[in-house]
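Quick notes on the structure that follows.
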Amino acid sequence: MTAHRTTIRVRFYELDPYNHVNHSVYVSYFESARVELLAEAGYSLASMRANGRSIVVSEIQTKFHASAEELDELTIETEVLEFKRVTTTWRQRILRGDELICSQDLRAALIDERGRPVRFDDAMLDALSVYAAAPSDPKPT
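Residue numbering for the sequence shown follows our numbering, beginning at -18 and increasing consecutively.
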């Protein structure tokens, strides 16, 4: 597995009344990690918009395994599971040390400025393939 890794620290305003990270915040953590991966691969959101392209999420499945709390340092692992003509499938995991906190699978599509699906070009596929999951990587439980 060649996962991209992003580290974050939980901030107090992300907590619910139980001192746990609110469930909706995890989706933002995952999105921030994907945006960082894209930028490091040479495809910042600004550069994609300038070229008339955007990646939009069409499906998300999130599973909560444990609770993160204030000041926890979390690592977000992001990898691409599959490339199709106009879509990709991504797997992400949030870890506190070795403990799995949250996992997410999602499908995203590449669209043009009119919102129509377009094919990923070879250069983008090559740049993202660095983060492709090994075929035998098991799905997180």
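Glycine residues also receive a C-beta, built at the ideal position from the N, C-alpha and C atoms.
These numbers come from a predicted model, not from an experiment.
Cβ-Cβ distance between residue i and residue j below 9 Å
i, j, result
"Y59", "L18", "It should be noted that the sequence gives Thr, not Tyr, for residue 59. Yes, Cβ-Cβ distance for T59 and L18 is below 9 Å."
"F64", "A113", "yes"
"A104", "T68", "no"
"Q85", "V8", "yes"
"G23", "D93", "no"
"H(-15)", "T43", "no"
"R66", "R100", "yes"
"I57", "I(-11)", "yes"
"V37", "L109", "no"
"S13", "T(-13)", "yes"
Residues that DSSP places opposite residue i in a beta bridge
i, result
"T70", "E63 and R88"
"D93", "R34"
"T(-13)", "I57"
"A115", "Paired residue(s): none; A115 is not in a bridge."
Where residue i falls: helix, strand or coil (DSSP)
i, result
"L106", "helix"
"E80", "strand"
"E(-5)", "helix"
"E50", "strand"
Beta-carbon separation (whole angstroms), residue i vs residue j, contact threshold 8 Å
i, j, result
"V2", "S35", "So it is not a contact: roughly 28 Å between Cβ atoms."
"R74", "L55", "R74 to L55, Cβ: 10 Å. No contact."
"L(-4)", "E80", "Not quite, the Cβ-Cβ distance comes to about 18 Å (not below 8 Å), so this is no contact."
"E40", "R88", "4 Å"
"D144", "V(-9)", "Any question about residue 144 goes unanswered here, given that the chain covers just -18 to 122."
### Query
Which whole runs of the alpha helix (DSSP H) in the region 1 to 48 are 4 residues long or more, in chain order?
Along the region 1 to 48, the alpha helix (DSSP H) occurs as fully enclosed runs of 4 or more residues at 4 to 21 and 26 to 31, listed in sequence order.
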